[in-house]
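Numbered per my numbering, the sequence shown spans residues 78 to 472. Beta carbons are placed, not taken as given, at the ideal position from N, Cα and C, and that holds for glycine. Quick notes on the structure that follows.
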Amino acid sequence: MRKKILIIPSWYPNTDNELIGTFFKEQAQLLNENGFDIKIIYGIEKELGLFDYLKSRLKHAFSKNKLVNRSYLIQDPEACSFSINHYKKWPTKWKLQNSKKAYQKAFEIITNSWCPELIHAQCTANGGIYAHYLSKINKLPFVIIEHQTFLLNYYHKKTQRAIREAIENASKIGAVSYHQQRCILMNSMDCNPEIIWNLMDEQKFQIPVKTEKSKFTILAITYPQLIKDSETFFRSLEAFKELYNGDFEAIIIGNDSFLDGSKANSSYLESLAKKHNVLDNCTFYPKLTRTEINVKLQSCDVFVSTSVAETYGVAVREAMLCGKPVIATKSGGVEDSITAETGVLVNLKDAEAIAENLLKIKNKELVFNPEAIRSLVIKQSGRAAFIKTMTDFYT
């Protein structure tokens, strides 16, 4: 009998944005196909003005059986969404309570014919908070794997307290890197986080066949937030341009639209490229499919990450699965996989060091074995490693 697991993610791919939280879906799908019976439940929270809030209450007053939607979230495994509407002027305490009650109503609907043995929250804020509530009400154990940058003071005090209570009452806590483990414990949490590296599916990424290329190609996947430090990336391109007289191309994938993919644009990133005189060397892709991203990873010579903090570094590992060397800042999670055999680590904001190492890779002063790069990632968090780790975690 397959163990029934209810997963509560803190974000998930949907019809508005198919890329957000794709790794949550891919992990759930793999587990669902390998010994577990997985279902997803996810509440879509909105803050409304008074008129719209009252209108929403009236609309749902007599539609209990229609609360759960199975068409908004991307399926396989079965994924159910439901709306959580808050009056925007409510205090945080009321909004949290409203969300908890909504999760319980949705839980009652989906468990009419299927009851989980364990609840798994992907991130404490706010999935872990809701998992803790469902655990208490329904007498079920729950676990949390923390993926987000763990900055407790970022949240309202009521949310901080709920985060702490969830973590300290969970059956198990997972962290996606040693950096993440340290961040959780630095907040004086009474827990013992296990290292649960994210799934890196080696079947989706391959080392490309060698072909002759006319341009040295650098790839970055980013978005316009300070934690990604895109400015340092474009500064490094400017410094590289001064060191290298030949032609090169920088491919930049990313945008600032997390909720609605149709609004994706790269205008901010383009402005940074223009500021640092490298716009003519850059090609921007605000929105690509997973398959298209894979093609770009296959075509680059080196992947660059300039983040201030990475809890894990999915994009970095995807590049490594393609056998690509990585130049990355010492941002935390990526440091678990980047060694002298797989890439280069530099200090935060050190654009000059990035440029110097780009030149060494271009001139073949630094040479890496693609198979060795790929095999390290597979050993840590490939399909077999992930299934074994999660089987132990769910026990």
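Residue i vs residue j beta-carbon contact at 8 Å
i              : j                 : result
isoleucine 240 : cysteine 268      : no
tyrosine 232   : isoleucine 85     : no
glutamate 442  : isoleucine 284    : no
leucine 144    : phenylalanine 184 : no
isoleucine 330 : isoleucine 370    : yes
serine 343     : phenylalanine 361 : yes
threonine 299  : alanine 428       : no
lysine 116     : tryptophan 167    : no
glycine 120    : alanine 156       : no
lysine 249     : phenylalanine 113 : no
Unbroken alpha helix (DSSP H) run spanning residue i, endpoints
i              : result
aspartate 469  : 460-471
serine 212     : 206-215
tyrosine 345   : 344-352
tyrosine 180   : 169-187
aspartate 129  : 127-137
leucine 314    : 307-320
leucine 435    : 428-439
glutamate 395  : 391-398
isoleucine 244 : 234-246
leucine 107    : 99-109
glutamine 283  : Looking at the DSSP string, glutamine 283 is not in any alpha helix (DSSP H), and its letter there is neither H nor E.
Same chain only: Cβ atoms within 6 Å of residue i, ignoring 5 sequence neighbours per side
i             : result
glycine 390   : Gly410, Val411
glutamine 104 : Leu276
glutamate 194 : Lys80, Lys81
leucine 217   : Ile196
leucine 229   : Gln237, Asn264
aspartate 324 : Lys292
lysine 170    : Lys235
alanine 392   : Ile298
lysine 132    : none
Close-in-space but distant-in-sequence residues of the same chain around residue i (CB under 8 Å, 5 per side omitted)
i              : result
valine 63      : As displayed, the chain neither begins before 78 nor continues past 472, which places residue 63 out of reach and without an answer.
asparagine 189 : none
isoleucine 304 : Thr226, Ser384, Val385, Ala386
lysine 352     : Phe311
asparagine 424 : Thr406, Lys407, Ala430
leucine 356    : Glu347, Ala350
lysine 373     : Leu296, Ile328, Ile330, Tyr362, Leu365
Enclosing beta strand (DSSP E) for residue i [first to last residue]
i              : result
valine 381     : 379-382
asparagine 162 : 156-164
isoleucine 84  : 80-86
threonine 406  : 403-406
histidine 197  : 195-199
tyrosine 255   : Unbroken run through tyrosine 255 is the alpha helix (DSSP H), 255-263; no beta strand (DSSP E).
leucine 296    : 293-298
threonine 360  : 359-362
alanine 327    : 325-330
valine 220     : 219-223
valine 423     : 420-423
lysine 249     : 249-252
Integer Cβ distance of residue i from residue j, believed to fall under 8 Å
i              : j              : result
proline 402    : isoleucine 464 : With 8 Å as the limit, proline 402 and isoleucine 464 do not qualify as a contact, their Cβ atoms being about 28 Å apart.
isoleucine 221 : alanine 202    : No, isoleucine 221 and alanine 202 are not in contact; Cβ-Cβ is about 10 Å, not under 8 Å.
valine 253     : threonine 472  : About 19 Å separates the two Cβ atoms, so there is no contact after all.
glutamine 503  : isoleucine 214 : This structure leaves residue 503 out entirely; the chain is present only between 78 and 472.
threonine 99   : arginine 367   : 6 Å
Closer than 7 Å: residue i CB and nearest the ligand SAM heavy atom
i          : result
serine 254 : With respect to small molecules bound, the structure shown includes none, and the ligand SAM cannot be examined in it.
Residue environment, residue i, which counts as buried when at least 16 other CB atoms sit within 10 Å
i              : result
proline 90     : buried
arginine 147   : exposed
asparagine 332 : buried
tryptophan 274 : buried
asparagine 440 : exposed
methionine 266 : buried
glutamine 302  : exposed
glutamate 223  : buried
lysine 281     : exposed
aspartate 306  : buried
alanine 445    : The residue asked about is misnamed: residue 445 is phenylalanine in this sequence, not alanine. So phenylalanine 445 counts as buried.
asparagine 434 : buried
glycine 126    : exposed
asparagine 94  : buried
threonine 419  : buried
valine 286     : exposed
methionine 467 : buried
valine 379     : buried
Spatial neighbours of residue i in its chain, beta-carbon cut-off 7 Å, leaving aside the 5 residues before and after
i                 : result
asparagine 175    : Ile161, His163
phenylalanine 101 : Pro86, Tyr89, Gln199
alanine 432       : Ser313, Ala316, Phe317, Leu320
tyrosine 130      : Asn162, Tyr164
lysine 177        : Tyr207, Tyr210
lysine 172        : His163
proline 154       : Ala105, Gln106, Asn109, Ile115, Lys116, Ile117
cysteine 359      : Ala327, Ile329, Ala350
cysteine 377      : Thr294, Ile295, Leu296, Ile328, Lys401
tyrosine 345      : Pro301, Asp333
tyrosine 255      : Ile272, Asp413
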